[in-house]
Amino acid sequence: MTNRKTVEISEEYGDLDLREMTAPCGLDCFNCPVYLANFNEEIRKQLALEIKKRGLDTDKVTCQGCRRENGICPLGGFMTEPCEVFKCVSSKDIESCADCDDFPCDYLQPYADKASEVPHNTKVYNLALIRKMGVEKWAQEKAKQVRDTYFNGKWNI
176 MTNRKTVEIS
186 EEYGDLDLRE
196 MTAPCGLDCF
206 NCPVYLANFN
216 EEIRKQLALE
226 IKKRGLDTDK
236 VTCQGCRREN
246 GICPLGGFMT
256 EPCEVFKCVS
266 SKDIESCADC
276 DDFPCDYLQP
286 YADKASEVPH
296 NTKVYNLALI
306 RKMGVEKWAQ
316 EKAKQVRDTY
326 FNGKWNI
């Protein structure tokens, strides 16, 4: 998937509200290719090829970020209501899972399914960094590195 290519946060994308563009689960919507395709023709073309492989309608796979989409991820292709994390955070009236007394919980369980395509297994690490650094500092200094390392780094002990 095109997640391996991220685009630097820049003026070209306007003034981003980094809190709003960080999903409650800790995913960095501002680095997501589905969001970036709104502004970058090369990413849009690559994404369209991937979407067709999944049998989804390429016209319907656009995203303005998790919070702006009310927790419904267009890549799911089957979602008709918000994800469980979005509903949980909304019901507790907190900004993210990092603010929750129950963090981490089963909603953040990592899965091998599609792990090479989407960064869902970075959520707990991102949330721990958000707790430690604050969302703006994490977004500006660490989020892109976490995503790039996830897709391109080599695991070593």
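Sequential numbering from 176 applies to the sequence shown in the numbering used here.
By construction, the Cβ of each residue, glycine as well, lies at the ideal position given by its N, Cα and C atoms.
About 16 Å separates the beta carbons of D203 and A290, which is beyond the 8 Å limit, so they are not a contact pair.
For K298 against L283, the beta-carbon gap comes to about 5 Å, under 8 Å, which counts as contact. The three-state reading of DSSP puts T197 in strand, counting E and B together. Runs of the alpha helix (DSSP H) lying entirely within the segment 285-314, each at least 4 residues long, are 298-308 in chain order. The closest CA to that of A198, considering only R229, R219, P257, I218, is found on P257. P285 has its alpha-carbon roughly 21 Å from the corresponding atom of W313. Rounded to the nearest angstrom, the Cβ distance from V293 to R194 is 22 Å, too far for a contact under 8 Å.
Per DSSP, the beta bridge partners of D203 are T197.
In the structure shown, E316 falls within a helical segment according to DSSP collapsed to helix, strand and coil.
Here DSSP, grouped into helix, strand and coil, assigns Q239 to coil.
Counting other Cβ atoms within 10 Å of its Cβ, N213 stays below 16 and is therefore classed as exposed.
Straight through space, the alpha carbons of Q221 and K228 are spaced by roughly 11 Å. The distance from the Cβ of I305 to that of S271 is about 7 Å, consistent with a contact at the 8 Å cut-off.
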